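Input: a single structure, listed below in structure tokens.
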Ligand code: GRF
């Protein structure tokens, strides 16, 4: 399976996926491009260090649709079959979602549908939940809304700051995202309505 990864920053989830592919944990797969909407994303360097083609495509004052069209073209040129969003901080246009139907995944640092959008860890602390976590889901037209592939719970402690909770959740994000991509690569899951279920043999 040819994988393209979109990032905006640090890229630790991207690195987890790249390394899992290089280590053969995600079978018969290759990360063919890492694209950032920010020229200075740390993740671009981390991808290069692992010999993965990586480059920025910035918005440059264009519309979302024009920007996305350039990204779609680069992904299609490389035969990408799965697009993984990994800390990609832009909403995708409908055109983007239609170009890769049920073939775009995202990781979000909360137990969806709670705490969608920015600063999910801070939202969780301010709400007072005792358990939060992370979610890998397919991407649809609504923010942090698509069918859920996998979730992992993480305890929220009394003295947590948003930064401390974010770090605790991040420790689990990498394994969760790798496991989800592995199941997709192995053809082990299917979407029924908005439920992601294991394929029965
Ligand atoms: C992660 O917390 C992820 O859940 C969220 O953005 C952050 C990206 O971190 N969508 P990284 O760039 O993968 O290190």
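In the numbering used here, the protein residues as written are 4 to 204. All residues carry an ideal CB built from backbone N, CA and C; glycine is no exception. This one's a predicted model, so the numbers in the text were calculated from it and none came from an experiment.
When the Cα atoms are used, residue 132 and residue 80 turn out to be separated by approximately 44 Å. A straight line joining the alpha-carbon of residue 9 with that of residue 126 spans about 25 Å. Closest option to residue 40, judged by alpha-carbon separation, among 27, 89, 26, 20: 89. With a contact defined as Cβ atoms closer than 8 Å, residue 37 and residue 46 qualify at about 7 Å. Between residue 71 and residue 96, the beta carbon gap of about 5 Å places them in contact (Cβ cut-off 8 Å).
Every alpha helix (DSSP H) of 4 residues or more that sits fully in the stretch 33-86 is shown, in chain order, as 45-52, 67-80. In this structure, the beta-carbon distance from residue 77 to residue 55 does not fall below 8 Å. DSSP places residue 121 outside both helix and strand once states are collapsed to three, so it counts as coil.
Among the bridge pairs identified by DSSP, residue 153 is matched with 139. Linking residue 143 to residue 100 through their CA atoms gives a straight-line distance of about 7 Å. Check the Cα spacing between residue 115 and each of 158, 52, 139: the tightest is with 139.
Counting along the chain, residue 193 sits inside the beta strand (DSSP E) bounded by residues 192-195.
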